[in-house]
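Here's the structure we're looking at; comments come further down.
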Amino acid sequence: MPKKFYLTTTIPYVNAAPHIGFALELVQSDTVARWSRQRERDVFFLTGADENSLKNVRAAEAEGIPTPQLVDRNAQRYVDLTRALNISNDDFIRTSTPPHHAGAQALWRACRKEDIYRKSYQGLYCVGCEAFYLPKDLVDGTCPEHRTVPETVNEENYFFRLSRYGKKLTGLIESGKFLILPESRRNEVLSFIKMGLEDFSISRTRVRAKDWGVSVPADPDQVMYVWFDALSNYITALGYGQEQPARFKRYWPADLHILGKGVVRFHAVYWPAMLLSARLPLPKRLFVHGYVTVGGGKISKSLGNTVDPFACIRQFGADAVRYYLLRYVHPTQDSDFSEAQLADAYQADLANGLGNLVSRVTGLIEQNQVNVAPVTAKKPTHELGQLVEGFEFNAALKLIWEEVKRLDTLIATAEPWKLAKEGKTAKLTSVLKQAANGIATVAHWVEPFLPETAEKINRVMTAQPIVKSAPLFPRLDQKT
Ligand SMILES: [Zn+2]
């Protein structure tokens, strides 16, 4: 049986339209998923939407529509984004659905009895983060993420005994059994744990939750804290808590969670502690990407600097947006989004680079009626494999584009048009066959990154006879 590979994105709140930062997470994850399928792993790739947040209730109130209507409409936008970006997810979880509710409740019940207790609590709560802050965590009295003054909340809630898991988590992280990448994030998590973990609230009153969310088992007055329920999506999507969870048995633990730097603590501390408490295996690896920024600052709806991924895809095409996000956005550090840079990448690397190479070589093959069959692709090099498996998507694409350059040079140096004129047929055939095989290799290597382009190239290169390819990346000024 092939080796299983379960990977996930986070599930964004659906209170607003998707932004380019989540497109980055989808595209990175999709590249890993497609790469893993190429390696013949049995991949299960999950994304979805977090619908139980109080943010969604407030967004619905602001629009004057019922919350279920808002989450239906907005979750669809995320589904649309996965389609527009050609994401190969196997499932899309929506956390307002009954199977998820049942699974989250099953996880709650599976946690050790002594780990969940009631206590009255006063805390500083940021609705934007759906999280409590300690005064020392605030910046000038405001939430470090949202720069808003948190609400003071007074109520009796359930707590999770996180404090008992510090030592255990440290051991798992230090030994690499629970791997956090990149290393800087791992170190950040370790020092956070070292400062001492505090128990955290995992429920709120039904009144404050505005009667929206997953009910706490056997306590109708309480609704689960959105993070407790949201994190459980990674197992409820596999059928955890249902009668015959075949998928859960096959795919859990996750081989990889991909997430943004803002939610490291939830994934690297809360989530594994919840799993330990429920005596479930931990995910094997977390990969933490940076933020896509604009003008050096965080993208946020309130700042009015959001980049609409749909508009980018309409203008440049899905593969161009994928290419830009993977090659020019750093995999783990914050990177500025620039439409000018995206346009440059399109023109230089895609239209004039790969696109031009393919039409030039296929044009020469057609013109000279050369038989280059069978066209064969080489397997990815060890170096390329290391880069993709190490999440160095930018370096991996750079390496593939060196191959594109090498083929450009091959054509420029061999001058096939001269060989044709001079009647050097054997040499001409040999050069064009090399170029055709090189292009097939590039298509194979680039498939996890640019699936549509790879498919187009494969179609052109396996046609009998080969005819000149239509432009893979039409010049922008010619696009309508
Ligand atoms: Zn906040």
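Going by my numbering, the sequence shown opens with residue 655, and the numbers climb by one from there.
Positions of the beta carbon are idealized from the N, C-alpha and C atoms, including for glycine.
Helix, strand or coil: how does DSSP classify residue 671 here? Against the sequence shown, residue 671 aligns to sequence position 17. Coil, per DSSP.
Which same chain residues, not among the five before or five after residue 1138, have their C-beta less than 8 Å away from its C-beta? Absent from the model: residue 1138. The displayed extent of the chain is 655 to 1134, so no value can be given.
Would you mind giving the Cβ-Cβ distance between residue 754 and residue 747, rounded to the nearest angstrom? I have them listed as a contact below 8 Å. Here residue 754 refers to the residue found at position 100 when the sequence shown is read from its first residue. Here residue 747 refers to the residue found at position 93 when the sequence shown is read from its first residue. Contact holds; Cβ gap of about 6 Å.
Does residue 1134 pass the burial test, meaning 16 or more other C-beta atoms within 10 Å, or should it be called exposed? Here residue 1134 corresponds to residue number 480 of the sequence shown, with the count starting at 1. Reliability fails at residue 1134, whose pLDDT of 44 lies under 50, so the model's placement of it is uncertain and the value that follows must be treated cautiously. It is exposed - the Cβ of residue 1134 has fewer than 16 other Cβ atoms within 10 Å.
Three-state secondary structure assigned by DSSP to residue 984: For the purposes of this step, residue 984 is taken as the residue at position 330 of the sequence shown. Three-state result, residue 984: coil.
Mapping DSSP to helix, strand and coil, what is residue 769? For the purposes of this step, residue 769 is taken as residue 115 along the sequence shown, with counting starting at 1. Residue 769 falls in the helix class under three-state DSSP.
Closer than 7 Å: is that where the CB of residue 797 sits relative to any heavy atom of ligand 1? Sequence index remark: in the sequence shown, residue 797 carries index 143 (1-based). Under cutoff, so the answer is yes.
Check: residue 1009 C-beta below 7 Å from any heavy atom of ligand 1: Within the sequence shown, residue 1009 is the residue found at index 355, counting from 1. For ligand 1, not one heavy atom lies less than 7 Å from the Cβ of residue 1009.
Cβ pair residue 819, residue 851 closer than 8 Å: Walking along the sequence shown from the start, residue 819 turns up at place 165. Walking along the sequence shown from the start, residue 851 turns up at place 197. In contact: residue 819 and residue 851 (Cβ atoms closer than 8 Å).
Buried versus exposed, by CB contacts within 10 Å (16 or more), residue 1063: Translated into the one-based positions of the sequence shown, residue 1063 becomes position 409. Per the 10 Å Cβ criterion, exposed.
Would you say residue 696 lies against chain B (beta-carbon separation less than 8 Å)? The question asks about chain B, but that chain is absent: this structure has only one protein chain.
With 16 other Cβ atoms within 10 Å as the buried cut-off, status of residue 1007: Position 353 of the sequence shown, counting from 1, holds the residue named residue 1007. Buried, by the Cβ-count rule.
In the DSSP output, what is residue 834 paired with across the bridge? Locating residue 834 in the sequence shown gives position 180, where the first residue counts as 1. 940, per the DSSP bridge assignment.
DSSP on residue 947, reduced to helix/strand/coil? Within the sequence shown, residue 947 is the residue found at index 293, counting from 1. Residue state, collapsed to three classes: strand.
Residue 845 versus residue 979 - alpha carbon distance: Within the sequence shown, residue 845 is the residue found at index 191, counting from 1. Within the sequence shown, residue 979 is the residue found at index 325, counting from 1. Distance between the alpha carbons of residue 845 and residue 979 is about 31 Å.
Please confirm whether any heavy atom of ligand 1 lies closer than 7 Å to the CB of residue 1136. As displayed, the chain neither begins before 655 nor continues past 1134, which places residue 1136 out of reach and without an answer.
Any chance the CB of residue 673 is under 7 Å from a heavy atom of ligand 1? On the sequence shown, position 19 is the one that residue 673 refers to. Residue 673 Cβ: outside cutoff for every heavy atom of ligand 1.
Residue 721 to residue 801 span [Cα, whole Å]: Taking the first residue of the sequence shown as 1, we reach residue 721 at position 67. Taking the first residue of the sequence shown as 1, we reach residue 801 at position 147. Rounded to the nearest angstrom, the two C-alpha atoms are 26 Å apart.
Can you tell me whether residue 973 is buried or exposed, with buried defined as 16 or more other CB within 10 angstroms of its CB? Position 319 of the sequence shown holds residue 973. Classification of residue 973: buried, given that the 10 Å Cβ count is 16 or more.
In the segment 1094-1130, which residue ranges form an unbroken alpha helix (DSSP H) of at least 4 residues, counting only runs that do not cross its ends? 1105-1115
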